[in-house]
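Asks:
Residue numbers (the numbering used here): 2 to 103.
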């Protein structure tokens with residue numbers, strides 16, 4: 002009986018999707034940083050095959066937030082959403098004014 006000798010590297014355990022999931026999680030964190038929202042407890046873990054019918058699924062956990070922290074994040078997001086809406090409305094009004102100008 003002959004056994005071929007071979008070795009494996011760390012990539013042997015890479016499922017191919019973790020890098021994509023990590024990039025998405027990092028993108029989420031980076032998208033929130035300009036709004037003063039920090040997700041220090043964010044984590045990434047693969048869902049076990051027995052827990053989900055989805056193959057190679059990952060869960061991005063946003064970490065643990067106290068209620069006061071969650072309220073602060075919510076308020077910041079609402080403030081920015083309101084500002085974006087105001088800018089959108091202003092831009093839309095300018096475009097309408099240009100189209101109706103003689």
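All residues carry an ideal CB built from backbone N, CA and C; glycine is no exception.
1) Hey, is residue 100's beta-carbon within less than 9 angstroms of any beta-carbon in chain B?
2) Can you check DSSP and say which residues form a bridge with residue 46?
3) Just how far apart, CA to CA, sit residue 61 and residue 26?
4) Between the beta-carbon of residue 74 and the beta-carbon of residue 59, is there less than 9 angstroms?
5) In whole angstroms, give me the CA-to-CA distance for residue 69 and residue 101.
Replies: Quick look at the numbers:
1) Of the protein chains in this structure there is only one, and it is not chain B.
2) Counting from one through the chain shown, the residue named residue 46 turns up at place 45. DSSP output for residue 46 lists 60 as bridge partner(s).
3) Reading the chain shown from its first residue, position 60 is the one you call residue 61. Reading the chain shown from its first residue, position 25 is the one you call residue 26. Cα-Cα distance, rounded: 7 angstroms.
4) Position 73 of the chain shown holds residue 74. Position 58 of the chain shown holds residue 59. No, the Cβ-Cβ distance between residue 74 and residue 59 is not below 9 angstroms.
5) Position 68 of the chain shown holds residue 69. Position 100 of the chain shown holds residue 101. About 48 angstroms.
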